[in-house]
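Only one structure is covered here, and it is reproduced in the block below.
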Amino acid sequence: MVERPTLTTPRLRLRPFCEADSRDVQCLAGEKEIAAGTLLIPHPYPDGLARAWIKSHQQSYERGEGVVWAVTLEPAGTLVGAIGLTIDSENGRAELGYWIGRPYWSRSYATEAGKAVIDYGFNVLGLNRIYARHLGRNPASGRVMQKLGMSLEGRLRQDVKKWGRFDDLELYAILRTEYDGTQDENA
Ligand SMILES: CC(C)(COP(=O)(O)OP(=O)(O)OC[C@H]1O[C@@H](n2cnc3c(N)ncnc32)[C@H](O)[C@@H]1OP(=O)(O)O)[C@@H](O)C(=O)NCCC(=O)NCCS
């Protein structure tokens, strides 16, 4: 089995999910506010979904289709969220996705984890473009994308129907050239 990566930041450890995380994932991702901000997480969150989702990660990584990390707090190891990249290697791009459990919001955890994942995407995966999309009704996620140095590329008007209501999708991205520029500034 190919070992999946672990990333560390000043306050966080981003590690592969394991089966033992299933209960915490169901508990955190099962809160309505998490489903409300995301495109794919259902509410109510069904039994068995967390386990199946976690089980899918190894194969997805080995096929080069994606990487998912559990966002955990150092040093206690508390699971606070999830973050990942869905990779399109042919086009050298990936979509960034994330959620942070409701009790842990507004502590910059999404931003701190996102920075580490963007570093990984450009430096380890050699991507050319990392993009992310958020619902118009979810401006906090747009703020995270801005703090990650992504630029707003456009608004897909009424692109999705979420819980019976059409909503816009806001598209953000950062290119390798822009990322490299910020690294030069910080050097
Ligand atoms: C969006 C989400 C990941 C943010 O996580 P977080 O760890 O709280 O994010 P951060 O603390 O790094 O940054 C949040 C920013 O949004 C801002 N914010 C919060 N609510 C906001 C609102 N209603 N409007 C605008 N900005 C808002 C915060 O003030 C903060 O910005 P600041 O640092 O400039 O003050 C989290 O709320 C979440 O998981 N939501 C549900 C799932 C989801 O939306 N996932 C993303 C799908 S695209």
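Last residue of the sequence shown: number 732 in the numbering used here, and the count goes up by one each step with no gaps. From the three backbone atoms N, C-alpha and C, an ideal C-beta is built for every residue, glycine too.
- For D729, the enclosing alpha helix (DSSP H) has its first and last residue at R721 to N731.
- Around the beta carbon of T551, fewer than 16 other beta carbons sit within 10 angstroms, so the residue counts as exposed.
- In the DSSP secondary-structure assignment, D633 is bridged to R638.
- When DSSP assignments are scanned along the region 638-688, the uninterrupted stretches of beta strand (DSSP E) that are 3 or more residues long and fall wholly within it turn out to be 638-645 and 674-680.
- By the beta-carbon neighbour count (other beta carbons within 10 angstroms, threshold 16), D566 is buried.
- Taking 8 Å as the cut-off, the beta carbon of T722 is found no closer than this to the beta carbon of K692.
- DSSP, reduced to helix, strand and coil, places D566 within a helical segment of the structure shown.
- With a beta-carbon spacing of about 5 Å, L672 and G666 fall inside the 8 Å limit used to define contacts.
- Rounded to whole angstroms, L594 and E548 show a C-alpha spacing of 23 Å.
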